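Enquirer: With positions in the sequence shown counted from 1, the corresponding number in the working numbering is that position plus 1. All residues carry an ideal CB built from backbone N, CA and C; glycine is no exception. Model, not experiment: these values are computed from the prediction.
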Amino acid sequence: MRLNFAQRPLAGELTVPADKSISHRSIMFGAISQGTTRVHNFLPAADCLSTIEAFRALGVTIKQQAGEVVINGRGLKTLQPATGTIDVGNSGTTMRLLLGILAGRKFETTLFGDASLNRRPMERVMTPLRQMGAKVSGHGEFPPITITGADLTGITYEMPVASAQVKSAILFAALQAHGTTTIIEKAPSRNHTEEMIQQFGGQLTVEDKMITLTGGQHLTGQEVTVPGDISSAAFFLVAATLIKNSHVTLKQVGINPTRTGILTVLSEMGAAITTQQTDEKNQAADLVVTSQPLCATKISGAIIPKLIDELPIIALAATQARGTTIISDAEELKVKETNRIDTTAAELTKMGADITVTPDGLIINGPTPLHGAKVASHGDHRIGMMLAIAAQIATGETELAQPEAVKISYPNFFHDLTRLGGD
Ligand code: S3P
2 MRLNFAQRPL
12 AGELTVPADK
22 SISHRSIMFG
32 AISQGTTRVH
42 NFLPAADCLS
52 TIEAFRALGV
62 TIKQQAGEVV
72 INGRGLKTLQ
82 PATGTIDVGN
92 SGTTMRLLLG
102 ILAGRKFETT
112 LFGDASLNRR
122 PMERVMTPLR
132 QMGAKVSGHG
142 EFPPITITGA
152 DLTGITYEMP
162 VASAQVKSAI
172 LFAALQAHGT
182 TTIIEKAPSR
192 NHTEEMIQQF
202 GGQLTVEDKM
212 ITLTGGQHLT
222 GQEVTVPGDI
232 SSAAFFLVAA
242 TLIKNSHVTL
252 KQVGINPTRT
262 GILTVLSEMG
272 AAITTQQTDE
282 KNQAADLVVT
292 SQPLCATKIS
302 GAIIPKLIDE
312 LPIIALAATQ
322 ARGTTIISDA
332 EELKVKETNR
342 IDTTAAELTK
352 MGADITVTPD
362 GLIINGPTPL
372 HGAKVASHGD
382 HRIGMMLAIA
392 AQIATGETEL
402 AQPEAVKISY
412 PNFFHDLTRL
422 GGD
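#1: Using a 10 Å radius around the Cβ and a threshold of 16 neighbouring Cβ atoms, would you call Gln223 buried or exposed?
#2: Do you know how far the Cα of Leu267 is from the Cα of Pro258?
#3: Could you check whether the Cβ of Ile309 sits closer than 7 Å to any heavy atom belonging to ligand 1?
#4: Hey, would you say Leu103 sits closer than 8 Å to Ile63, going by beta carbons?
#5: How long is the line joining the alpha carbons of Thr16 and Gly229, rounded to whole angstroms?
#6: Between the segment 353-361 and the segment 282-291, are three or more C-beta pairs nearer than 8 Å?
#7: My output table needs one value for Asp355: the three-state DSSP class, helix, strand or coil.
#8: DSSP puts Tyr411 in a beta bridge; with which residues?
#9: Locate the alpha helix (DSSP H) running through Glu54, then write down its first and last residues.
#10: May I ask you to report which of helix, strand or coil DSSP gives Phe113?
#11: Helix, strand or coil, according to DSSP, for Val336 in the structure here?
#12: Can you tell me where the alpha helix (DSSP H) holding Leu251 begins and where it ends?
#13: Residues bridged to Leu15 by DSSP?
#14: Report the rounded CA-to-CA distance for Ser1 versus Gln177, giving the unit in angstroms.
#15: Under 7 Å Cβ to Cβ from Met160, same chain only, skipping five residues before and after it: list those, please.
#16: Can you determine whether any heavy atom of ligand 1 sits closer than 7 Å to the C-beta of Lys187, and answer yes or no?
#17: May I ask which residues mark the beginning and end of the beta strand (DSSP E) holding Ile148?
#18: Regarding Arg191 and ligand 1, is the C-beta to nearest heavy atom distance less than 7 Å?
#19: Kindly list the residues whose CB is nearer than 7 Å to the CB of Arg57, restricted to its own chain and excluding five residues on each side of it in sequence; keep chain order.
#20: With distances taken from CA atoms, which of Ala19, Ala12 and Leu421 is nearest Ile1?
#21: Which value, in whole angstroms, describes the spacing of the CA atoms of Val249 and Ala241?
#22: Using the DSSP secondary-structure output, state which residues sit across from Glu159 in a beta bridge.
#23: Among Pro144, Ala7, Gln35 and Ile171, which one has its Cα closest to the Cα of Ile156?
#24: What does a CB cutoff of less than 6 Å around Gly362 pick up in its chain, not counting 5 residues either side in sequence?
#25: Hey, Arg121 and Val336 are a contact pair by Cβ (cut 8 Å); roughly how many whole angstroms apart?
#26: Can you tell which of Pro129, Glu311, Glu269 and Asn91 has its C-alpha closest to the C-alpha of Leu100?
#27: Spatial neighbours of Asn366 within its chain, please: CB distance less than 6 Å, with the 5 preceding and 5 following residues excluded, ordered by chain position.
#28: Beta carbon of Ala165: closer than 7 Å to some heavy atom of ligand 2?
#29: Given a cut-off of 8 Å on the beta-carbon distance, is the pair Arg420 and Asp310 in contact?
#30: Can Leu112 and Met133 be called in contact, C-beta distance under 8 Å?
#31: Flag Glu333 as yes when its Cβ comes closer than 7 Å to any non-hydrogen atom of ligand 1, and as no otherwise.
#32: Return helix, strand or coil for Ser138, following the three-state DSSP convention.
#33: Among Thr276, Glu398 and Ser233, which residue has its Cα nearest to the Cα of Met387?
#34: Could you check which residue in Ile72, Val70, Pro82 and Lys21 has the C-alpha nearest to that of Lys408?
#35: Closer than 7 Å to a non-hydrogen atom of ligand 1 - does that hold for the CB of Ser169?
#36: Excluding the 5 residues flanking Phe201 on each side, which residues of the same chain have their C-beta closer than 7 Å to its C-beta?
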């Protein structure tokens, strides 16, 4: 795909796609609860469709109809063994959270994914699920993963990584376990699973980094309205900040505080982003962004899990900021859809950025003018979208290989970029 320097400012309103994390979980909670769950504004992107197909393979009736997904939940105990292995595509969230659900179901299931997912570490969920009593094995620590569920026992588990996927897998297993499970997080990560357990009628307690849940709870189907995904909005927050005279409104974006690290960091860098029309019930708001010059910042510690998926686009912003931006404590980026420390640095360097890779992050000197180049998404949706935004501020033409990767979370990304004035 060929992309060019944006000749015009970005302008207008945009409704970004629904939140991917909440869309996955709405199917999962619907499938394990009793009664009907209706999901409004579900994200029909490849990753979330993998979750729907996985639960259909386990015998759950799920209908996709105009504007909503309807799940006919009959409770955890009615999940059926799949007839074959289950392909979860590119979706780490589907694989890891589903393992937590299957840990308590007494049949064998094998999950596998695409080439990228089959290189991603699963030990992080296998270890606690084994401690709870499930039998789980892989190709070493990689997929395909075969799990045989069992009667589970609650555990106390201090997480070695800050990961919402690991936390969520343990919580799904804990719902089925005898006794109480306590999870101690390394740093608070996105809390959608905790919130949805309560929304579906379950109980847990959260005290700072400690989550406690007792097994054997009864969940009931609900109506879920999914807000826009701040991780998708992030690309336009940065694009409109960087392209002079831009003024963009992103409608009803999720602003759960465990996800808004990018708003904190961009505002520290000098960006002009305001929050309007807040919908408290759905934790969503319109984000209004106008272009501003940026200055460098330091990003490390507890904020990292709150912006982990946004670091590639924040790195692009840093290439245009005055001074040296240092991103550290972000080694988790190495085990995403690609090693995002390496792919971000390598691809932006081709466009003229001054970026150094460190063991746990990036050092970025700015501002550096970017120029068009031949770049690649490496099959990673967020790298592809970041590079498409980079192309808007780069002189000359950029050729992006594997642009179709965006379908994982944002199928209409290029359409939306063009509609706001991008090229
Ligand atoms: C997600 C958690 C994060 C994030 C991923 C979605 C989730 O992964 O990067 O895109 O929905 O729980 P980790 O838990 O591995 O950090």
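Expert: Judging by the given coordinates:
#1: Position 222 of the sequence shown, counting from 1, holds the residue named residue 223. By the beta-carbon neighbour count (other beta carbons within 10 angstroms, threshold 16), Gln223 is buried.
#2: By 1-based counting over the sequence shown, the position of residue 258 is 257. By 1-based counting over the sequence shown, the position of residue 267 is 266. The C-alpha of Leu267 is placed about 15 Å away from the C-alpha of Pro258.
#3: Indexing the sequence shown from 1 puts residue 309 at position 308. In this structure, the C-beta of Ile309 approaches ligand 1 to less than 7 Å from one of its heavy atoms.
#4: Locating residue 103 in the sequence shown gives position 102, counting from the first residue. Locating residue 63 in the sequence shown gives position 62, counting from the first residue. No.
#5: The count along the sequence shown starts at 1 and reaches residue 16 at position 15. The count along the sequence shown starts at 1 and reaches residue 229 at position 228. Counting only the Cα atoms, Gly229 lies some 7 Å from Thr16.
#6: Output reads no: the segment 282-291 does not touch the segment 353-361.
#7: In the sequence shown, the residue the question calls residue 355 occupies position 354. Three-state DSSP puts Asp355 in a strand.
#8: Here residue 411 refers to the residue found at position 410 when the sequence shown is read from its first residue. Per DSSP, none; premise fails for Tyr411.
#9: Numbered from its first residue, the sequence shown carries residue 54 at position 53. Membership of Glu54 in the alpha helix (DSSP H) is indicated by the continuous run Ala47 to Ala58.
#10: Taking the first residue of the sequence shown as position 1, residue 113 is located at position 112. Reduced to three states, the DSSP call for Phe113 is strand.
#11: Here residue 336 refers to the residue found at position 335 when the sequence shown is read from its first residue. In this structure, DSSP gives Val336 a helical state, which the three-state scheme calls helix.
#12: Position 250 of the sequence shown, counted from the first residue, corresponds to residue 251. Unbroken run through Leu251 is the beta strand (DSSP E), His248 to Gly255; no alpha helix (DSSP H).
#13: Here residue 15 refers to the residue found at position 14 of the sequence shown. Looking at the DSSP assignment, Leu15 forms a beta bridge with Leu251.
#14: In the structure as shown, the chain begins at 2 and stops at 424. Residue 1 is therefore absent and cannot be evaluated.
#15: Within the sequence shown, numbered from 1, the residue matching residue 160 stands at position 159. Within the same chain, Met160 has close Cβ partners Val167, Lys168, Ile184, Ile185, Glu186 and Lys187.
#16: Here residue 187 refers to the residue found at position 186 when the sequence shown is read from its first residue. No.
#17: Within the sequence shown, residue 148 is the residue found at index 147, counting from 1. Element bounds for Ile148: Phe143 to Thr149.
#18: Taking the first residue of the sequence shown as 1, we reach residue 191 at position 190. Yes, since a heavy atom of ligand 1 falls inside the 7 Å radius drawn around the Cβ of Arg191.
#19: Taking the sequence shown and counting its residues from 1, the one referred to as residue 57 is at position 56. Listed in chain order, the non-local C-beta contacts of Arg57 below 7 Å within the same chain comprise Ile63, local neighbours out to five positions each way being set aside.
#20: In this structure the chain extends from 2 to 424, so residue 1 is not present and cannot be described.
#21: Working through the sequence shown from its first residue, we reach residue 249 at position 248. Working through the sequence shown from its first residue, we reach residue 241 at position 240. Spanning the two alpha carbons is a distance of roughly 7 Å.
#22: Numbered from its first residue, the sequence shown carries residue 159 at position 158. According to DSSP, Glu159 bridges with Ile185.
#23: Position 155 of the sequence shown, counted from the first residue, corresponds to residue 156. The residue with the shortest Cα to Cα distance from Ile156 is Ile171.
#24: In the sequence shown, counting from the first residue as 1, residue 362 sits at position 361. Correct list, in chain order: Ile328, Ser329 and Ala331.
#25: Looking up residue 121 in the sequence shown gives position 120. Looking up residue 336 in the sequence shown gives position 335. Their Cβ separation, rounded to whole angstroms, is 6 Å, which keeps Arg121 and Val336 in contact under 8 Å.
#26: Within the sequence shown, the letter at position 99 stands for residue 100. If we check each option's Cα against that of Leu100, Pro129 comes out closest.
#27: Taking the first residue of the sequence shown as 1, we reach residue 366 at position 365. Result list for Asn366: Thr325 and Asp355, in chain order.
#28: Absent from the structure shown: ligand 2. Ligands present: ligand 1.
#29: As a working note, residue 420 is residue 419 in the sequence shown. As a working note, residue 310 is residue 309 in the sequence shown. Their beta carbons are not under 8 Å apart, which means Arg420 does not touch Asp310 by this criterion.
#30: Here residue 112 corresponds to residue number 111 of the sequence shown, with the count starting at 1. Here residue 133 corresponds to residue number 132 of the sequence shown, with the count starting at 1. Result no, Cβ atoms of Leu112 and Met133 do not sit closer than 8 Å.
#31: The residue given as residue 333 occupies position 332 in the sequence shown. Judged by the Cβ position, Glu333 qualifies as a neighbour of ligand 1 at the 7 Å threshold, a heavy atom of the ligand being closer than this.
#32: Counted from its first residue, the sequence shown places residue 138 at position 137. The answer is strand: DSSP assigns Ser138 an E or B state.
#33: Here residue 387 corresponds to residue number 386 of the sequence shown, with the count starting at 1. Checked all of Thr276, Glu398 and Ser233; the closest Cα to Met387 is Ser233.
#34: Reading the sequence shown from its first residue, position 407 is the one you call residue 408. The residue with the shortest Cα to Cα distance from Lys408 is Lys21.
#35: What you label residue 169 is simply residue 168 of the sequence shown in a count that begins at 1. Because some heavy atom of ligand 1 lies under 7 Å away, the Cβ of Ser169 counts as near it: yes.
#36: In the sequence shown, counting from the first residue as 1, residue 201 sits at position 200. Hits under 7 Å: Phe30, Ser34, Leu220, Thr221 and Gln223.
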